[in-house]
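Engineer:
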Amino acid sequence: MSTASPAAQPPPAHHRRARWWYVGGAVVLLVAATAVVGGILEHRAWEEAVADYDAEVARVTDEAEGSRARAEGAYEKSLDALEDTLEDGRRTYADSEGQVADPAVREPLADALDHARQLRAADVVYPSATRVVEEVVRPNPFFPETLPEVRVDVVDGSNPAPAELDDAAAGVAEATVAVADAHRQWAFDELRSATTEGRDALADLRPQVGEGALERLGDAVTDAEEILDAGPEAVDPGAAVPLRDRVLGTTHSLWSARLARIHEERRAAARADGVDCRVARCVALTFDDGPVADTRRLLRILARKDAPATFFMVGDNAAERPEIVRAVADGGHLVANHSWSHPQLTSLDDAAVREQLRSTQDAIFEATGSTPFLLRPPYGDVDGRVRSLATRTGLDVVLWSLDTEDWRTRDAQETRRRVRAQVEAGSNILMHDIHPSTVDAVPEIVDDLREEGYVLVTADLLVSEADG
Ligand code: NI
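Take the sequence shown: its letter number 406 is residue 387 in our numbering, and every next letter is one higher.
Structure (structure tokens):
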């Protein structure tokens, strides 16, 4: 009946609405909080991005600023160093011209100098590179913001690079040292060989030349020995070369004076014997390349004819037959130098020429007790250098004026005919005692010449030759 329990009723509508409000409010609050936190985080991230961007822009700007000046400074510094090295190298190269000849030493310096000069002359450029700081866009739609792209030009070194110049300078310096070392060694060797010549001259000339002149040579040799004692590393070519010239020049003039006196004395002695080639029609018979065994036969012929002759001996032969050398000198003939082994003297270096001459002088001195003062260079091959070396060894160069060509014809009658056909006053007649046909021709040649009124003398007495 009426107490029937009321059926379950839904809550009133306003209750339901209130519950939705709570839920909605919570959601709104949550969203708002999220937005605030998100906003804070986004802002922080953006500030970091801005800081990074600013730092990058500052770095790039810094790099660009003064980059050209730095590149120019580095280039100029290396260029200055290169100039100095080039100047050193150029001077060393020029100073050693004609003195350091070895291309293996010289060419690397020439090449290094060329390379360095090309680099020096090259137009320098300063290449630049663009540094880019990327644009940054803020992703926040509420605060749109963009940091613009930044482009900055930075000078990136130079072309040629300083390192290239430094390498070129190092190359020049290294090659310069090699040439300078070789130059010092050359000057040392030159001075040493001049000093040897000077010492030999002092020994050879001591009894015969005025003390004053010898003293000058002695002083020069002493100065040279001091330099030599210090070794090649310490030699200054600029000082050694003039000293070498002083030693050689003094030696040369002492020997020249000595040779002039020898000639003067011999001519005076000949005049005392009634032979004066300024007046008489003098000719000289000369025999080259011996002595050989057959030279003895020639000596007998000349003795029988009482005819003087001149023998230009090969030192090697003289050393082998000293008794014949002595017999030649004892026969009243003039013994002279024709080198040791008959080479072309102009093709030899100074030391070898000297050796050719001196060893022959020594062999003849051994055999005869006196030293030759005339040299006939083999083949007549002579130049100023060989003449000068000969003078400084105490030898005057004598060639010939009448060539019998006996070595070619090997015919006594032909040799005689050639002498008769070509002889004139002052003739220096070239023959060879190593050919029997020549020895065969000598008696008739002597007779022919005397019939024509010629006076036979040793080669040094001929006026034309000895006056030269
Ligand atoms: Ni000869």
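Think of the CB as a built atom: it goes at the ideal place given N, C-alpha and C, for glycine as much as any other residue.
Compare the C-beta of Asp269 with all C-beta atoms of chain C and state if any pair is closer than 7 Å.
Structural biologist: The chain inventory of the structure shown lacks chain C, comprising one protein chain alone.
Engineer: By alpha-carbon positions, which one of Glu130, Asp269 and Arg259 ends up nearest to Val114?
Structural biologist: Nearest C-alpha to Val114: Glu130.
Engineer: Going by C-alpha to C-alpha distance, which of Ala406, Asp69, His244 and Gln166 sits closest to Leu452?
Structural biologist: Coverage of the chain is limited to positions -18 through 449, which leaves residue 452 absent and any answer about it impossible.
Engineer: Fully enclosed by the stretch 353 to 433, which alpha helix (DSSP H) runs are 4 residues long or longer?
Structural biologist: 365 to 373, 387 to 390, 393 to 403 and 417 to 432, all fully within the stretch 353 to 433.
Engineer: Assign Asp414 to one of two classes, buried (16 or more other C-beta atoms within 10 Å of its C-beta) or exposed (fewer than that).
Structural biologist: By the neighbour-count rule (16 or more Cβ atoms within 10 Å), Asp414 is buried.
Engineer: On the criterion of 16 or more Cβ atoms from any shown chain inside 10 Å, does Phe292 qualify as buried, or is it exposed?
Structural biologist: Phe292 is buried by the Cβ-count criterion.
Engineer: Here's a check: name, in chain order, each residue in its chain whose Cβ is nearer than 6 Å to the Cβ of Leu128, leaving out the five neighbours to either side.
Structural biologist: Closer than 6 Å at Cβ, skipping near neighbours: Tyr34 and Val117.
Engineer: Please report how far the alpha carbon of Ile426 lies from the alpha carbon of Thr419, in whole angstroms.
Structural biologist: Roughly 10 Å separates the two Cα atoms.
Engineer: Going by DSSP in three states, Asp83 sits in which element: helix, strand or coil?
Structural biologist: In this structure, Asp83 counts as coil in the three-state DSSP scheme.
Engineer: Please classify Phe123 as buried or exposed, where buried requires at least 16 other C-beta atoms within 10 Å of its C-beta.
Structural biologist: Phe123 comes out exposed.
Engineer: Can you give me the C-alpha to C-alpha distance between Arg101 and Pro218, rounded to a whole angstrom?
Structural biologist: Their Cα atoms are separated by approximately 29 Å.
Engineer: Starting from the C-beta of Gln(-10), find all residues in its chain whose C-beta is less than 6 Å away, skip the five residues before and the five after it, and write them out in chain order.
Structural biologist: Closer than 6 Å at Cβ, skipping near neighbours: no residue.
Engineer: Report yes if the CB atom of Glu450 is closer than 7 Å to the CB atom of Arg368, and no otherwise.
Structural biologist: Outside the modelled stretch of the chain, which goes from -18 to 449, sits residue 450, for which no answer is possible.
Engineer: For the beta strand (DSSP E) containing Phe292, name the first residue and the last one.
Structural biologist: Taken as a continuous stretch (DSSP letters only), the beta strand (DSSP E) holding Phe292 covers Thr291 to Met294.
Engineer: Give every residue of the same chain whose Cβ lies closer than 6 Å to the Cβ of Arg401, excluding the five residues on either side of it in the sequence, and list them in chain order.
Structural biologist: Around Arg401: Asp429.
Engineer: Measuring only from the beta carbon, is Pro451 closer than 6 Å to any heavy atom that is part of the ligand NI?
Structural biologist: The shown model of the chain, from -18 to 449, leaves out residue 451, and the question about it has no answer.
Engineer: Say the cut is 6 Å; is the CB of Pro359 nearer than that to a heavy atom of the ligand NI?
Structural biologist: Pro359 Cβ: within cutoff of the ligand NI.
Engineer: Within the present structure, is the beta-carbon of Asp269 separated from the nearest heavy atom of the ligand SAM by less than 6 Å?
Structural biologist: As for the ligand SAM, it is missing from this structure, which binds only the ligand NI.
Engineer: Could you say which of Leu224, Arg112, Glu206 and Asp330 lies nearest to Arg40 if we only look at CA atoms?
Structural biologist: If we check each option's Cα against that of Arg40, Arg112 comes out closest.
Engineer: If I follow the unbroken beta strand (DSSP E) through Asp134, where does it start and stop?
Structural biologist: Start and end: Val131 to Val136.
Engineer: Answer with buried or exposed for Tyr360, where buried requires no fewer than 16 other C-beta atoms within 10 angstroms of its C-beta.
Structural biologist: The residue in question, Tyr360, is exposed, as its Cβ has fewer than 16 Cβ neighbours within 10 Å.
Engineer: Could you give the residue range of the alpha helix (DSSP H) that holds Asp61?
Structural biologist: Ser48 to Asp76 is the span of the alpha helix (DSSP H), which, as asked, contains Asp61.
Engineer: At what residues does the beta strand (DSSP E) containing Val117 begin and finish?
Structural biologist: Start and end: Val117 to Arg119.
Engineer: Considering only C-alpha positions, which residue in the set Asp311, Ala300, Ala308 and Ala(-1) is nearest to His450?
Structural biologist: Lying outside -18 to 449, the shown extent of the chain, residue 450 is not represented and no answer is given.
Engineer: Taking three-plus beta-carbon pairs below 8 Å as touching, is the stretch 69 to 78 in contact with the stretch 149 to 163?
Structural biologist: Touching, per the Cβ criterion.
Engineer: Closest to Gly350 by C-alpha separation, out of His314, Glu336, Ala310 and Ser408, would be which residue?
Structural biologist: Nearest of His314, Glu336, Ala310 and Ser408 to Gly350, Cα basis: Ala310.
Engineer: Tell me the start and end of each unbroken beta strand (DSSP E) in the stretch 127 to 182 that is at least 3 residues and wholly inside, in chain order.
Structural biologist: Runs found: 131 to 136.
Engineer: Is Ala440 buried or exposed, if buried means 16 or more other CB atoms sit within 10 Å of its CB?
Structural biologist: Ala440 comes out buried.
Engineer: Which class does Leu452 belong to by DSSP, given the choice of helix, strand or coil?
Structural biologist: Nothing in the structure corresponds to residue 452, since the chain is present only between -18 and 449.
Engineer: Let's test the definition: count the other Cβ atoms within 10 Å of the Cβ of Gly375 and tell me whether it reaches 16, buried, or not, exposed.
Structural biologist: Buried, by the Cβ-count rule.
Engineer: Rounded C-beta distance between Leu315 and Arg239? I'm assuming under 8 Å.
Structural biologist: Incorrect: roughly 17 Å between the Cβ atoms, too far for contact.
Engineer: Could you tell me the alpha carbon to alpha carbon distance between Val31 and Ala45, rounded to whole angstroms?
Structural biologist: So the alpha carbons of these two residues sit roughly 21 Å apart.
Engineer: Within 10 angstroms of its Cβ, does Ala422 collect 16 or more other Cβ (buried), or is it exposed?
Structural biologist: Counting Cβ neighbours within 10 Å, Ala422 comes out buried, since at least 16 surround it.
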